[in-house]
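Enquirer: Here the sequence shown stands for residues 224 to 283, numbered as in the working numbering. Beta carbons are placed, not taken as given, at the ideal position from N, Cα and C, and that holds for glycine. Every value quoted in this text rests on a predicted model; they were computed, and no experiment measured them.
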Amino acid sequence: MPTNKTVALTERERVIIEEARVQLGLESMEETIEFLYRQRLKNKLFSLAGREIVKKKRSL
Numbered sequence: 224m225p226t227n228k229t230v231a232l233t234e235r236e237r238v239i240i241e242e243a244r245v246q247l248g249l250e251s252m253e254e255t256i257e258f259l260y261r262q263r264l265k266n267k268l269f270s271l272a273g274r275e276i277v278k279k280k281r282s283l
């Protein structure tokens, strides 16, 4: 996901991302932010897809 977006982080956010980077074994903070973003997006999409499935079952 190559982009040149600048993200402003607080010191607390930097510490949290650094801890996540170490736990995930990633090379950089950028990789960590991208990974966490993709995971969040994937979870949201699964949640929305699940709601659509439930909604369709009720109407049948």
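Does DSSP put residue 273 in a helix, a strand or coil?
Expert: Sequence index remark: in the sequence shown, residue 273 carries index 50 (1-based). DSSP places residue 273 in helix when its eight states are reduced to three.
Enquirer: Does the segment 226 to 243 come close enough to the segment 252 to 264 to have 3 or more Cβ pairs within less than 8 Å?
Expert: Yes, the segment 226 to 243 touches the segment 252 to 264.
Enquirer: What are the boundary residues of the alpha helix (DSSP H) that includes residue 230?
Expert: Within the sequence shown, residue 230 is the residue found at index 7, counting from 1. Premise fails: residue 230 is in no alpha helix (DSSP H) and is neither H nor E.
Enquirer: Can you tell me which of the three DSSP states residue 259 falls into?
Expert: For the purposes of this step, residue 259 is taken as residue 36 along the sequence shown, with counting starting at 1. Helix at residue 259.
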